[in-house]
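> Quick note, the sequences are listed as chains A and B, same order. Going by the numbering used here, the first residue of the first sequence is number 123, and it counts up by one from there. Going by the numbering used here, the first residue of the second sequence is number 123, and it counts up by one from there. Virtual Cβ for every residue (Gly too), placed ideally from N, Cα, C. The structure that follows is given in the form of structure tokens.
Number of protein chains: 2
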Amino acid sequence: MAENIYTLYDFPDSGNGYKVRLILNHLHLPYRYRAVDILAGESRQADFLALNPNGKIPVLQLADGRCLAESNAILWYLGEDTPLIPADPWQRASVLQWMFFEQYSHEPNIATSRFILKHTEVDEERQRALEQKRPAGYAALDVMERHLNNNTYFVTDFSIADIALFAYTHVAEEGGFSLAGYPGIQRWLAAVRSQPNHCSIDAIG
Amino acid sequence: MAENIYTLYDFPDSGNGYKVRLILNHLHLPYRYRAVDILAGESRQADFLALNPNGKIPVLQLADGRCLAESNAILWYLGEDTPLIPADPWQRASVLQWMFFEQYSHEPNIATSRFILKHTEVDEERQRALEQKRPAGYAALDVMERHLNNNTYFVTDFSIADIALFAYTHVAEEGGFSLAGYPGIQRWLAAVRSQPNHCSIDAIG
Numbered sequence: 123m124a125e126n127i128y129t130l131y132d133f134p135d136s137g138n139g140y141k142v143r144l145i146l147n148h149l150h151l152p153y154r155y156r157a158v159d160i161l162a163g164e165s166r167q168a169d170f171l172a173l174n175p176n177g178k179i180p181v182l183q184l185a186d187g188r189c190l191a192e193s194n195a196i197l198w199y200l201g202e203d204t205p206l207i208p209a210d211p212w213q214r215a216s217v218l219q220w221m222f223f224e225q226y227s228h229e230p231n232i233a234t235s236r237f238i239l240k241h242t243e244v245d246e247e248r249q250r251a252l253e254q255k256r257p258a259g260y261a262a263l264d265v266m267e268r269h270l271n272n273n274t275y276f277v278t279d280f281s282i283a284d285i286a287l288f289a290y291t292h293v294a295e296e297g298g299f300s301l302a303g304y305p306g307i308q309r310w311l312a313a314v315r316s317q318p319n320h321c322s323i324d325a326i327g
Numbered sequence: 123m124a125e126n127i128y129t130l131y132d133f134p135d136s137g138n139g140y141k142v143r144l145i146l147n148h149l150h151l152p153y154r155y156r157a158v159d160i161l162a163g164e165s166r167q168a169d170f171l172a173l174n175p176n177g178k179i180p181v182l183q184l185a186d187g188r189c190l191a192e193s194n195a196i197l198w199y200l201g202e203d204t205p206l207i208p209a210d211p212w213q214r215a216s217v218l219q220w221m222f223f224e225q226y227s228h229e230p231n232i233a234t235s236r237f238i239l240k241h242t243e244v245d246e247e248r249q250r251a252l253e254q255k256r257p258a259g260y261a262a263l264d265v266m267e268r269h270l271n272n273n274t275y276f277v278t279d280f281s282i283a284d285i286a287l288f289a290y291t292h293v294a295e296e297g298g299f300s301l302a303g304y305p306g307i308q309r310w311l312a313a314v315r316s317q318p319n320h321c322s323i324d325a326i327g
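So this is what it looks like as structure tokens:
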């Protein structure tokens, strides 16, 4: 039997963590799950900071103790030499293009709005943040829609770029973003969900 | 003679663009330079949006017209199969870890503060943004310092992770961030500057 070589430190409702759970499921890789209660400040405590000095989940730990942070870097590590990352250099760079887009233009607007609405009291400052993030989040969805009008996936076949962007797009409505006007995104969400070994955001381990 | 196969669409004062100019210089790759005046809205006009629907510089264009956006994806494309990206899978993922850290935890705080101070009128809203970005930017510098206390570069040898993080760290003071308390970062900045084929942010082409 294969040993559980990976340990995933994660917050169960995190889309960034869900990306890693998704790829582990796609690749049939067993893992141990360690829930980190970021709402209780556990990701800012010394034992967690020893794993990731940047104080953010998810963290993937190998059996020898080495740790890797940043969800999209973890996707790359696990996806290399599998069908989830293309072999062609241009396509590989295009996968990364969409993953950097996800972290810079999508996640800080759509994921952060969802976090504010689901996990905080919306005071005046947070209300202002939500209002700033709304047009920027819709702009990111517009960029995705334009691409998905002519493409089934972000880069040729299903890849880690799709996993990265699916994680928070499929729960965008929890962040106050309606996907009603985005038929391309809706088709793509269905295509990702129809992949063998897909799992939902609340399926852990 | 080698043709100029690359065209770089860029804003000359951009650190994200500077990353690409740096790697092109390190690799002795000639390129055509097309300045895009983002202050005049040129990156939001139709001819630029045809290159990058996300409306952001830098964009690297190949001779056949294909375009790649996201500075760190461009670094990966140009750096693959050169000494600027390690061959070991864990080290490759670690390079990406630092590059995603750069785009999520560093650039939105340090680069954006610099942009506000250099290129805008600081009204009440921007002053509030600066105040929010200050602790987050110093937190990113703290993470870098902790790593550089025990390491010459971010991942073994000089790599695109160093290029990505150098671009805005070396001008952090223009964003209001003092590097006086960061001896590890200062040593690393000097090590990056001492690389053969280094060029400054105002060296173009």
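If we ignore side chains and look at the alpha-carbon of each, how far apart do residue 232(B) and residue 218(B) end up?
19 angstroms
> Taking the straight line between their C-alpha atoms, what separation do you get for residue 302(B) and residue 142(B)?
Approximately 28 angstroms, taken between the alpha carbons.
> Roughly how many angstroms separate the alpha carbons of residue 282(B) and residue 201(B), rounded to a whole number?
7 angstroms
> Any beta carbon from chain A within less than 8 angstroms of residue 216(B)'s own beta carbon?
yes
> Please go through the segment 172–207 of chain A and give each complete alpha helix (DSSP H) segment of 4 or more residues, from N-terminal end onward.
193–201
> Is it buried or exposed for residue 291(A), if we count other Cβ within 10 angstroms and need 16 for buried?
buried
> So residue 192(B) and residue 276(A) are in contact, right, with Cβ under 8 angstroms, and what is the actual spacing, rounded?
Rounded, the Cβ-Cβ distance is 13 angstroms, inconsistent with contact.
> Nearest CA to the CA of residue 205(A): which residue from 148(A), 305(A) and 309(A)?
Residue 148(A) is the option with its Cα nearest to residue 205(A).
> Output, in chain order, the set of chain A residues within a Cβ distance shorter than 8 angstroms of residue 265(B).
175 and 176
> To the nearest angstrom, how far is it from the Cα of residue 73(B) to the Cα of residue 131(B)?
Any question about residue 73(B) goes unanswered here, given that chain B covers just 123 to 327.
> Using only the alpha-carbon positions, how far apart do residue 321(B) and residue 327(B) sit?
Rounded to whole angstroms, residue 321(B) to residue 327(B) spans 10 angstroms at the Cα level.
> Find out if the Cβ-Cβ distance for the pair residue 240(B), residue 295(B) is shorter than 8 angstroms.
No. Outside cutoff.
> With the cut-off set at 8 angstroms, would you say residue 146(B) and residue 286(B) are in Cβ contact?
no
> Please list, in chain order, the chain B residues whose beta carbon lies closer than 9 angstroms to that of residue 299(A).
What residue 299(A) touches in chain B: nothing, since even the nearest Cβ is about 17 angstroms away.
> Is the segment 307–319 of chain A close to the segment 151–166 of chain B, with three or more CB pairs under 8 angstroms?
no
> Report the CB separation of residue 280(A) from residue 317(A) in whole angstroms; it is logged as a contact under 8 angstroms.
6 angstroms
> How big is the Cα-Cα spacing for residue 138(B) and residue 179(B)?
8 angstroms
> Any beta-carbon of chain B closer than 8 angstroms to the one on residue 188(A)?
yes
> Against residue 222(B), what residues of chain A qualify as contacts under a CB-to-CB distance less than 9 angstroms, listed in chain order?
Annotation: Cβ neighbours of residue 222(B) in chain A (cutoff 9 angstroms, chain order): 191, 192, 193, 194, 195, 221, 222 and 225.
> Provide the residue span of the alpha helix (DSSP H) that contains residue 261(A), from first to last.
246–270
> Run the CB neighbour count on residue 215(B), radius 10 Å, all protein chains shown included, and call it buried at 16 or more, exposed below.
buried
> Going straight from the alpha carbon of residue 134(A) to that of residue 169(B), what length do you get?
43 angstroms
> Please decide whether residue 164(B) counts as near chain A, where near means a Cβ-Cβ distance under 8 angstroms.
no
> Compare the C-beta of residue 310(B) against all C-beta atoms of chain A and say whether one is closer than 8 angstroms.
no
> Are the C-beta of residue 199(B) and some C-beta of chain A separated by less than 8 angstroms?
yes
> Can you tell me whether residue 290(A) is helix, strand or coil according to DSSP?
helix
> Please go through the same chain and pick out, in chain order, the residues whose beta-carbon is closer than 7 angstroms to the beta-carbon of residue 229(A), but skip the five residues on each side of it.
290
> Counting only beta-carbon atoms, is residue 268(A) nearer than 8 angstroms to chain B?
yes
> Quickly, what does DSSP pair residue 129(A) with across the bridge? List them, please.
154(A) and 183(A)
> So what does DSSP say about residue 310(A), is it helix, strand or coil?
helix
> Where does residue 136(B) sit, in a helix, a strand or coil, going by DSSP?
coil
> What number of angstroms, rounded off, separates the C-alpha of residue 161(B) from the C-alpha of residue 172(B)?
19 angstroms
> Hey, is residue 303(B) close to the ligand PLP, as in C-beta under 7 angstroms from one of its heavy atoms?
The ligand PLP is absent from the structure shown, which contains no ligands of any kind.
> According to DSSP, is residue 230(B) part of a helix, a strand, or is it coil?
helix
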